[in-house]
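Asker: Residue numbers (our numbering): 117 to 368.
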Ligand SMILES: [Zn+2]
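1) Kindly examine ligand 1 and report whether one of its heavy atoms sits closer than 7 Å to the Cβ of residue 305.
2) Closer than 8 Å is the cut-off here; do at least three beta carbon pairs connect the stretch 230 to 238 with the stretch 267 to 276?
3) For residue 128 and residue 169, I'd like the C-alpha separation in whole angstroms.
4) When you measure from the CB of residue 308 to every non-hydrogen atom of ligand 1, does any distance come out below 7 Å?
5) Within 10 Å of its beta-carbon, does residue 324 have 16 or more other beta-carbons around it, so buried, or fewer, so exposed?
6) Mind checking residue 174: buried by the 16 CB within 10 Å criterion, or exposed?
7) At which residues does the beta strand (DSSP E) containing residue 188 begin and terminate?
8) Once DSSP output is grouped into helix, strand and coil, what is the label at residue 350?
9) Should residue 171 be labelled buried (16 or more other beta-carbon atoms within 10 Å of its own) or exposed?
10) Kindly examine ligand 1 and report whether one of its heavy atoms sits closer than 7 Å to the Cβ of residue 159.
11) When you compare the stretch 242 to 262 with the stretch 272 to 290, are there three or more beta-carbon pairs, one atom per stretch, that lie closer than 8 Å?
12) Taking C-alpha atoms, which residue in 299, 140, 312 and 320 lies nearest to residue 228?
13) Between the stretch 215 to 229 and the stretch 147 to 156, do at least 3 Cβ pairs fall closer than 8 Å?
14) Below 8 Å on the Cβ atoms is my contact criterion, and I expect residue 191 with residue 126 to pass it. Report the Cβ-Cβ distance as a whole number of Å.
15) Ends of the alpha helix (DSSP H) at residue 286?
16) Do residue 311 and residue 337 have their CB atoms nearer than 8 Å?
17) Can you give me the start and stop residues for the beta strand (DSSP E) that residue 310 sits inside?
18) When the Cα atoms are used, what is the spatial distance from residue 232 to residue 321?
19) For the alpha helix (DSSP H) holding residue 328, just list the boundary residues, first then last.
20) With a threshold of 16 other CB atoms inside 10 Å of the CB of residue 148, please say whether the residue is buried or exposed.
21) Going straight from the alpha carbon of residue 178 to that of residue 162, what length do you get?
22) I'd like to check one pair, residue 166 with residue 264: are the Cβ atoms closer than 8 Å?
23) Measuring straight from C-alpha to C-alpha, what distance separates residue 317 and residue 344?
24) What is the residue span of the beta strand (DSSP E) that residue 337 lies within?
25) Which of the three DSSP states is assigned to residue 200 in this structure?
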């Protein structure tokens, strides 16, 4: 029987048993398990992990645990790390892209509302989600920790909140998405990019009252749906202001 000390940092503590949160805790093990397997057995999928330290040195997931090891586990998306990067660059390094599990349809629509590339289908298989995430370089958002344990998944986030607006706030905060947001540039229904169209070319497709009032219309490049500013959009603007404009106090 071997013993090791494990400590989880930042948001990873949401995933482990209360007695292991924000402190050193001891684990016992038989043989020499891979560090990845030990960490996952404590509740943290490898997709959420950026950095593993053994006795202060960075190691790979597959390394074997030894008696007396001290393991420190850091999350992939440390808000302050990303903020440091964005301080020296006007725009984020990469355009963040997402694939969401079948239960997160509202969140997908909210991400699209912010102009973020969010792929979603109602009933995808776990295998498809993992494959799409890996093949297309999309961050997998899910409420299923088991899905993030699949070996294909390298960038995943377990969404803690259950309310869609709270979920949006959580994802925007953890991944520092406020600067990447381009509201009203993407179709809520199909994730297609919206393109400006000449008003005269679409007049016949607009309801009469809208035709008199709007000055700008956009069309989805995917499903061809038309978008214009209206009361629906006013409500969304308020939601966007709440989510992008008001960081919650007391969050780390
Ligand atoms: Zn569309």
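Heads up, the beta-carbon is just placed ideally off N, CA and C, and yes, glycines get one too. Since the structure is predicted, the reported quantities are computational estimates derived from the model, not experimental observations.
Answerer: On the basis of the supplied data:
1) Translated into the one-based positions of the chain shown, residue 305 becomes position 189. In terms of side-chain proximity, the C-beta atom of residue 305 is found nearer than 7 Å to a non-hydrogen atom of ligand 1.
2) No contact exists between the stretch 230 to 238 and the stretch 267 to 276.
3) By 1-based counting over the chain shown, the position of residue 128 is 12. By 1-based counting over the chain shown, the position of residue 169 is 53. Within the model, the alpha-carbon separation for residue 128 versus residue 169 is close to 15 Å.
4) As a first step, residue 308 is located in the chain shown; it is residue number 192 there, counting from the start. For residue 308, the Cβ falls inside the 7 Å cut-off from some heavy atom of ligand 1.
5) For the purposes of this step, residue 324 is identified with residue 208 of the chain shown, where counting begins at 1. Flag for residue 324 reads exposed.
6) Walking along the chain shown from the start, residue 174 turns up at place 58. Residue 174 is exposed by the Cβ-count criterion.
7) For the purposes of this step, residue 188 is identified with residue 72 of the chain shown, where counting begins at 1. Its beta strand (DSSP E) spans residues 186 to 191.
8) On the chain shown, position 234 is the one that residue 350 refers to. DSSP places residue 350 in helix when its eight states are reduced to three.
9) For this step, residue 171 is matched to residue 55 along the chain shown. So residue 171 ends up on the exposed side.
10) Taking the first residue of the chain shown as position 1, residue 159 is located at position 43. Result no, Cβ not under 7 Å from ligand 1.
11) These segments touch.
12) Working through the chain shown from its first residue, we reach residue 228 at position 112. The shortest Cα separation from residue 228 among 299, 140, 312 and 320 belongs to 299.
13) Taking 8 Å as the limit for Cβ pairs, the verdict is that the stretch 147 to 156 does not touch the stretch 215 to 229.
14) Position 75 of the chain shown, counted from the start, is the residue given in the question as residue 191. Position 10 of the chain shown, counted from the start, is the residue given in the question as residue 126. Between residue 126 and residue 191 the Cβ distance is about 5 Å, and since that is below 8 Å, they are a contact.
15) Counting from one through the chain shown, the residue named residue 286 turns up at place 170. That run of the alpha helix (DSSP H) goes 280 to 290.
16) Start at 1 with the first residue of the chain shown, and residue 311 comes out as number 195. Start at 1 with the first residue of the chain shown, and residue 337 comes out as number 221. Their beta carbons are under 8 Å apart, which means residue 311 touches residue 337 by this criterion.
17) For the purposes of this step, residue 310 is taken as residue 194 along the chain shown, with counting starting at 1. Taken as a continuous stretch (DSSP letters only), the beta strand (DSSP E) holding residue 310 covers 310 to 313.
18) Residue mapping note: residue 232 aligns to position 116 of the chain shown, counting from 1. Residue mapping note: residue 321 aligns to position 205 of the chain shown, counting from 1. Cα to Cα, residue 232 sits roughly 27 Å from residue 321.
19) Residue 328 sits at position 212 when you count from the first residue of the chain shown. Taken as a continuous stretch (DSSP letters only), the alpha helix (DSSP H) holding residue 328 covers 324 to 329.
20) One-based indexing of the chain shown puts residue 148 at position 32. It counts as exposed.
21) Residue mapping note: residue 178 aligns to position 62 of the chain shown, counting from 1. Residue mapping note: residue 162 aligns to position 46 of the chain shown, counting from 1. About 11 Å.
22) One-based indexing of the chain shown puts residue 264 at position 148. One-based indexing of the chain shown puts residue 166 at position 50. The Cβ atoms of residue 264 and residue 166 do not sit closer than 8 Å to each other.
23) Taking the chain shown and counting its residues from 1, the one referred to as residue 317 is at position 201. Taking the chain shown and counting its residues from 1, the one referred to as residue 344 is at position 228. Roughly 14 Å separates the two Cα atoms.
24) Start at 1 with the first residue of the chain shown, and residue 337 comes out as number 221. Careful: residue 337 lies outside any beta strand (DSSP E) and carries neither H nor E.
25) Counting from 1 along the chain shown, the entry for residue 200 is found at position 84. At residue 200, the pLDDT of 37 sits below 50, so the modelled position is not reliable; the number obtained from the coordinates is stated separately. When DSSP states are grouped into helix, strand and coil, residue 200 belongs to the helix group.
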